[in-house]
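The structure appears below as structure tokens.
Numbering (our numbering), first residue to last: 7 to 329.
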């Protein structure tokens, strides 16, 4: 399980093989330490040295994020990656187009499926047509820049389709840094949660997260995690965020606030969205190859399949919503 530490000014301690979240000498949560596979620290939360040392010895990555959903650091034990895997990842960067196309194929197929589902709430047929055109153009792209151009056109159409449904909640298109409405705040926060799960999956697979194929490398940027995330943004985050606003589980007036020049989820909104995302990650879904797993296990399966593809052992099939 991934442990999200969200209670501000709380402390994570290790005691008799259990992790305890404490605030003002009261225990807020308690769980077996060895069941934790990843930790995300949101904002002002402290880890005692014994707790952090235990997590690092167990190979559990600890991610540090702002309350607004920006990753700013991580702690993990030195990872001994297999030399042949590192060599294969660097060789894959010499010809990244096939895998980059796969990541985007999965993303665009899921975007199309979600807009088809939402067409009952608002007309999205024009946007669906644009995404279909982008899907047809993906195989013809002859370089990463051309591929990113196709993805950019599809993204504009996709978010225009979401706007047709979510405009009553203040959504006028995708924006971030800072988000200017509650929907964008929820999307950004959800993507940070997804990033934490994707980084964990790459860690378990033994892949270097900074050696990307679609996304450009940057200083300490987990480009490969951003690559793999593309397949799961819509199924894990966008589906949940859209449904939460439509069902009233997230309300801009109750669950968002203006601060730091933008609009962000408040403490209650973050907890509501985290609960919904954890429930989604535990739900089973069917891979296009036919097998079924919970979404968290599917992310890990795709990381393992990506490693096999990079090593030349099997072809890569992206995940996407298909019914």
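Note that beta-carbon positions come from the ideal geometry of N, C-alpha and C, so glycine has one too.
Cα-Cα separation, residue i to residue j
i: residue 50; j: residue 17; result: 9 Å
i: residue 104; j: residue 151; result: 14 Å
i: residue 277; j: residue 192; result: 11 Å
i: residue 178; j: residue 84; result: 43 Å
i: residue 73; j: residue 46; result: 11 Å
i: residue 298; j: residue 14; result: 37 Å
i: residue 21; j: residue 36; result: 10 Å
i: residue 313; j: residue 39; result: 29 Å
i: residue 293; j: residue 308; result: 10 Å
i: residue 175; j: residue 87; result: 45 Å
i: residue 69; j: residue 28; result: 19 Å
i: residue 56; j: residue 64; result: 12 Å
i: residue 9; j: residue 208; result: 18 Å
i: residue 23; j: residue 291; result: 34 Å
i: residue 190; j: residue 144; result: 27 Å
i: residue 300; j: residue 317; result: 26 Å
i: residue 127; j: residue 119; result: 14 Å
i: residue 228; j: residue 319; result: 24 Å
i: residue 1; j: residue 256; result: Outside the shown range of the chain (7 to 329) lies residue 1, about which nothing can therefore be said.
i: residue 109; j: residue 267; result: 33 Å
i: residue 3; j: residue 77; result: Within the shown structure, residues of the chain are numbered from 7 to 329, placing residue 3 beyond reach of any answer.
i: residue 258; j: residue 280; result: 16 Å
i: residue 59; j: residue 7; result: 18 Å
Beta-bridge partners of residue i, as assigned by DSSP
i: residue 79; result: 70
i: residue 316; result: Residue 316 is not bridged to any residue.
i: residue 265; result: 268
i: residue 17; result: 28 and 52
i: residue 33; result: 28
i: residue 291; result: 299
i: residue 44; result: 8
i: residue 38; result: 24
Delimiting residues of the beta strand (DSSP E) encompassing residue i
i: residue 193; result: Segment 188-211 is the alpha helix (DSSP H) holding residue 193; no beta strand (DSSP E) there.
i: residue 178; result: From DSSP, residue 178 is part of no beta strand (DSSP E); its letter is neither H nor E.
i: residue 28; result: 24-29
i: residue 11; result: 8-11
Residue burial classification, residue i (beta-carbon count within 10 angstroms, cutoff 16)
i: residue 100; result: exposed
i: residue 93; result: exposed
i: residue 25; result: buried
i: residue 113; result: buried
i: residue 79; result: exposed
i: residue 115; result: buried
i: residue 321; result: exposed
i: residue 142; result: exposed
i: residue 187; result: buried
i: residue 246; result: buried
i: residue 237; result: buried
i: residue 324; result: buried
i: residue 289; result: exposed
i: residue 32; result: exposed
i: residue 311; result: buried
i: residue 204; result: buried
Option in the options with minimal Cα separation from residue i
i: residue 251; options: 54, 282 and 230; result: 282
i: residue 200; options: 221, 44, 274 and 131; result: 44
i: residue 305; options: 231, 80, 260 and 256; result: 231
i: residue 287; options: 243, 273, 327 and 259; result: 243
i: residue 166; options: 70, 209 and 117; result: 117
i: residue 133; options: 109, 263, 159 and 147; result: 159
i: residue 97; options: 320, 119 and 219; result: 219
i: residue 82; options: 205, 66, 124 and 258; result: 66
i: residue 75; options: 233, 11, 87 and 211; result: 11
i: residue 202; options: 246, 258, 234 and 148; result: 234
i: residue 262; options: 272, 247 and 180; result: 272
i: residue 124; options: 259, 302 and 248; result: 248
i: residue 240; options: 149, 140 and 194; result: 194
i: residue 296; options: 319, 328 and 95; result: 328
i: residue 107; options: 59, 186 and 146; result: 146
i: residue 184; options: 245, 270, 130 and 274; result: 270
i: residue 5; options: 33, 7 and 163; result: Because the chain spans 7 through 329 in this model, residue 5 falls outside it and cannot be assessed.
i: residue 217; options: 53, 102 and 42; result: 102
i: residue 95; options: 140, 157 and 215; result: 215
N-terminal and C-terminal residue of the alpha helix (DSSP H) that residue i is part of
i: residue 56; result: 55-63
i: residue 51; result: Looking at the DSSP string, residue 51 is not in any alpha helix (DSSP H), and its letter there is neither H nor E.
i: residue 282; result: 273-288
i: residue 298; result: Per DSSP, residue 298 belongs to no alpha helix (DSSP H); it is in the beta strand (DSSP E), 298-300.
i: residue 103; result: 103-124
i: residue 245; result: 245-252
i: residue 257; result: Counting along the chain, residue 257 falls outside any alpha helix (DSSP H), and DSSP gives it neither H nor E.
i: residue 167; result: 150-172
i: residue 90; result: 89-98
i: residue 132; result: 131-143
i: residue 232; result: 229-235
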